[in-house]
Amino acid sequence: MNEDVRELEELASSAGYTVIFEVIQRRERPEATTFVGRGKIEELKLLLSIRPVDLLLIDAVLKPSQHFNLENSLKIECIDRVRLVLNIFTTKANDRESKLQVERAKLQYEVPLLKEWIHSAKAGEHPGFLGGGEYAVDVYYDLIKKRIKKIDEELKSINQSHVIRRGQRQKRGQALVSLAGYTNAGKSALLNALTGETVLVENKMFSTLSTTTRKIKDIGRTVLITDTIGFLDDLPTFVIEAFKNTIEEIFTADLVLLTVDSSETREEIRRKILTSKKILYPDLSPERVILVLNKIDVGPGRYLDEKTLSEWIECSAVVKISATTGEGIDSLIDLISEHFTPPHRFEIALHYSDRSESFISSLRALECLELVRYGRTIHLQGACEIKDLERIKTQAARLKGSFKLLDQSPENQP
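Counting from 1 along the sequence shown, just add 1153 to a position and that's the residue number in this note's numbering.
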């Protein structure tokens, strides 16, 4: 078992708990019925009698039977890693969507526990369960299933509004960058550094549950950036599924900044990169990912070479920055700008007409104009994606204008 409890301590702090003491169980594998061994159970009973606490945090994902038996043996509330994370989510959810997602995850977590409690209560193994009304759990179980169904319907409706909003952004030619990465990697601080905004930054895990979208500064075209929920190792599928709407912002983005806390040890950096990789790949193309090593002002991450990083994860580029001091931010903005620079440069000469200004306005809406010069004719220069190239050429021809591609290299031929 992992004896490094620093992450559990951070989770406990983020949940508002105070850690009184820590106990480590050393054995090859968890005990099947109570997770910890019989001797450790007796040790915990003695310790709890001397130093009572309100609850016991378990740095693992307990099976329902283990959870039931452990609480039954110790007569104290036991919270495993998943429940602890869900408790943090509950305190951080601040809009309708995130609250629904948290509620769904909590209900999904409770269903297998209820099944175990129902089975054990009916078998007489949990006297006095629910005040003697053990069969009332069956009613509660049905209510949970109905509530999950209703939440799914509401989240589906909310997601449809996300789809419409993404479609509107695409029509306006707006690009979307998404921040992703392990929790507490400094994503919100990076969003502030890239946008000049003052989004709340907390040195706590899961400070962001809902998406926050802003415009990146110092880039010619409109590029929006959105902050998303942080990743965590060993989260079960149902928790990730509950936050499908939020996580989908990552996979539908044009570019993803995979942010890593480089102030940690080499092994921790590796572990968190691999956790992020497991969640993102293969659904996300490496060409759409920039690996951002944040907090280089306070840690050893600046000394990691790109060869080592490439062995851990494939991506389009690596950049080392400090969202706090601003070091490397300009290089990151250059990479983002380069990613969104349209490959096809063009030049148009137009005669003055009633429709010429309308055409120019349409090009401005696409954010593909770089130069407009008025003289004997109207001279335009710009760059666009391949999908817009033929349409622009056709519209220029209708206005009796000349159209010329400025870059005739083979790779930029339409």
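Glycine included, C-beta positions come from ideal geometry on N, C-alpha and C.
This structure is a prediction, so every number in the text was calculated from the model and none was measured.
In this structure, the CA atom of valine 1413 is about 14 Å from the CA atom of serine 1331. Fewer than three beta-carbon pairs drawn from the region 1502 to 1515 and the region 1473 to 1481 are found closer than 8 Å, and the two stretches are therefore not classed as touching. In this structure, the beta-carbon distance from serine 1416 to proline 1439 does not fall below 9 Å. Shown here, asparagine 1398 sits in a helix according to DSSP, grouped into three states. Between isoleucine 1301 and glutamine 1261, the C-beta gap is smaller than 9 Å, which places the two residues in contact. Pairwise C-beta distances place the region 1248 to 1256 out of contact with the region 1194 to 1203, as fewer than three of them are shorter than 8 Å.
Under the DSSP definition of a beta bridge, leucine 1329 partners with Leu1377.
The residues Arg1322, Leu1377, Thr1379, Ala1406 and Asp1407, in chain order, have a CB closer than 7 Å to that of leucine 1329 in the same chain once the five nearest residues on each side in sequence are set aside. Boundaries of the alpha helix (DSSP H) harbouring leucine 1433: 1419 to 1433, taken from the DSSP string. Remark: C-beta atoms of aspartate 1233 and leucine 1215 approach each other more closely than 9 Å. Isoleucine 1229 is not a Cβ neighbour of alanine 1168, given a cutoff of 9 Å.
Between the region 1382 to 1398 and the region 1423 to 1437, the count of C-beta pairs closer than 8 Å reaches three or more; the two stretches touch.
In the three-state reduction of the DSSP assignment, glutamate 1538 falls in the coil class. For arginine 1498, the enclosing beta strand (DSSP E) stretches over residues 1497 to 1503. When beta bridges are read from the DSSP output, leucine 1522 appears opposite Gly1535. In the displayed model, phenylalanine 1493 falls within coil according to three-state DSSP, outside both helix and strand.
Rounded to whole angstroms, the gap between the alpha carbons of valine 1292 and serine 1310 is 28 Å. In this structure, the alpha-carbon of lysine 1553 lies about 15 Å from that of glutamate 1543.
The C-beta separation of leucine 1239 from glycine 1334 comes to about 20 Å, leaving the pair out of contact by the 8 Å criterion. Just measuring C-alpha positions, the residue of Ile1539, Glu1523, Ile1297 and Arg1419 sitting nearest arginine 1374 is Glu1523. The C-beta distance from threonine 1348 to arginine 1367 rounds to 4 Å, short enough to meet the 8 Å contact threshold. When C-alpha distances from histidine 1220 are compared across Cys1231, His1492 and Leu1210, the shortest belongs to Cys1231.
Under DSSP, the beta-bridge partners assigned to alanine 1470 are Ile1443.
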